[in-house]
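**Student:** Here's a structure for you.
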Amino acid sequence: MTMTLVETVTVGSGGAASIEFTGIAGDGKDLMLKMSGRNTYAAADRSIIMSFNGSTADKTAVNLKGSGSAASSDTGTSLSIQAATTTANTFTVIDFYFSNYSGNTSKSVSIEQATENNATAAEALLMALNWNQTAAITSLGFSFGDGNWAEHSTASLYSIS
Amino acid sequence: MATPTYDLLASTTLTSSASSVTFSSIDQTYGDLILVVDGFAASQSVNFLLAPNGDKINGSSVAAYGSGSSAASYTTSRIDVSFFGVSTTSVGLGVAQIMDYSATDKHTSFLSRVNETEAAGGSSSTSTGMIASRWASTAAITSLEIYSSTAYSYAAGSTFNLYGVAK
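Protein chains in written order, with the numbering used here: chain A, -13 to 147; chain B, 10 to 176.
Here is the structure:
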């Protein structure tokens, strides 16, 4: 009964279109995912397309954001990470906590994110995400509409059992 | 092989509705506790409150949350792991870290990450944020009750897991 590293993905030279965890065993209670990422597209940020069991649908969310000068809230389901025009060598960090991921109720995910831009336009975010499906989570995917995961992006999935 | 540092101490998945869940005889050898509650209401709105050693009196909390349209903050005189509570169609997920729970020379601090979302895809009564709480007692926490102030029950399928973090 412990917290066990399932897999670490480290993006190599040339980047990667997606980060995928497949074949997730259902023998844990919760999952934890720790990510450090950056997008290669020539912009300040790009949204992650997150999929559960290959599906990007059936998600709702509520967010609390801090910009350094104000706090705000919205219901967007996108996680936006920094891209190529932000300060070099800075990455966005994201912690995901998937509760009861193998149960038969809808899935709640607690997310905390911080951008690390050594300039303006940095942000801290708390997200409550719900995937409105009762199936056990067996795979997770993270991709983009534009650009790729930059080299040195990492994602580590842990099982808590 | 690395030594496990995050151990499951107790776990409850409700097979029928219940108005509270109590973890008793908590192992005193860990540094911190982490409580994960993931539940919804059996009939009418429930919230998730904590009573260390059965004490529902000597708690206080300050919360910062977003409702989907605005950000706000409030205080309470109890130990909260939820904001406004959840219904039969919404889900409450709270992850509470209970620091130095076995200490007897200071009050106990709680830091909770709280999410309330609509399971059916709706957008009403949703919120996310954090709550800092204090239990005004120097006693070690040997039991932890999760209860609702609304007097209604948690639904079957709700899960309550208590982990110990090694020191």
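Where a beta carbon is used, it is the ideal one built from N, C-alpha and C, also for glycine.
(1) Buried or exposed: which applies to A:D132, given that a residue is buried once 16 or more other Cβ atoms fall within 10 Å of its Cβ?
(2) Give the DSSP-derived three-state secondary structure of B:T168 in the structure shown.
(3) Just to make sure I have the definition right: I need the residues of chain A whose C-beta is within less than 8 Å of the C-beta of B:T168. Which are they?
(4) Does the pairing of the region 37 to 53 of chain A with the region 75 to 89 of chain B give three or more beta-carbon distances under 8 Å?
(5) Would you mind sorting B:K115 into buried or exposed? The rule is 16 or more other CB atoms within 10 Å of its CB.
(6) Hey, quick one: how far does the beta strand (DSSP E) through B:W144 stretch, first residue to last?
(7) To the nearest angstrom, report how far apart A:T101 and A:T(-12) are at their CA atoms.
(8) DSSP on B:I35, reduced to helix/strand/coil?
(9) Whose CA, out of B:T151, B:S29 and B:T137, lies closest to the CA of A:S59?
(10) Quick one: which residues of the region 53 to 84 of chain B get their C-beta closer than 8 Å to a C-beta of chain A? List them in chain order.
(11) Measuring straight from C-alpha to C-alpha, what distance separates A:T124 and A:F84?
(12) Using Cβ-Cβ distances below 9 Å, what residues of the region 40 to 64 of chain A are close to chain B?
(13) What's the gap between the Cα of B:T31 and the Cα of B:S20?
(14) Got a sec: which bits of the region 112 to 128 of chain A sit with their beta carbon under 8 Å from any beta carbon on chain B, in order along the chain?
(15) Secondary structure at A:M(-13), three-state DSSP: helix, strand or coil?
(16) Since A:K51 sits in a beta bridge, which residues does DSSP pair it with?
(17) Can you say whether A:G0 is buried or exposed, counting buried as having 16 or more other CB atoms within 10 angstroms of its CB?
(18) Rounded to a whole number of angstroms, what is the C-alpha to C-alpha distance between B:A103 and A:A141?
(19) Please confirm whether A:T46 and B:E127 have their CB atoms less than 8 Å apart.
(20) Kindly indicate which residue of B:S86, B:L17 and B:S96 has the alpha-carbon position closest to the one of B:S54.
(21) Could you give the distance in angstroms between the alpha-carbon of B:M10 and the alpha-carbon of A:L(-9)?
(22) Going by Cα to Cα distance, which pick from B:R143, B:S34, B:F49 and B:T38 is closest to B:F93?
(23) Which of the three DSSP states is assigned to B:K176 in this structure?
**Tutor:** Result, derived from the coordinates:
(1) exposed
(2) In the three-state reduction of the DSSP assignment, B:T168 falls in the strand class.
(3) In chain order: K15, S85, N86 and G89.
(4) Touching, per the Cβ criterion.
(5) Around the Cβ of B:K115, a 10 Å sphere holds fewer than 16 other Cβ atoms; the residue is exposed.
(6) S136 to W144
(7) 30 Å
(8) coil
(9) B:T137
(10) Only those residues of the region 53 to 84 of chain B whose C-beta falls short of 8 Å from the nearest C-beta of chain A are listed: A73, Y74, G75, S76, G77, S78, S79 and A80.
(11) 12 Å
(12) D44, K45, T46, A47, V48, N49, L50, K51, G52, A56, A57, S58, S59, D60 and T61
(13) 10 Å
(14) Answer in chain order: L112, M113, A114, L115, N116 and N118.
(15) Unreliable placement is indicated for A:M(-13), whose pLDDT of 48 sits below 50; no coordinate value is reported for it.
(16) A:S58 and A:L111
(17) exposed
(18) Checking the sequence shown, residue 103 of chain B turns out to be Gly, not Ala. For B:G103 and A:A141, the distance between alpha carbons rounds to 23 Å.
(19) Closer than 8 Å, so yes.
(20) B:S96
(21) Per-residue confidence for B:M10 stands at a pLDDT of 46, beneath the threshold of 50, marking its modelled position as unreliable; no derived number is given.
(22) B:F49
(23) coil
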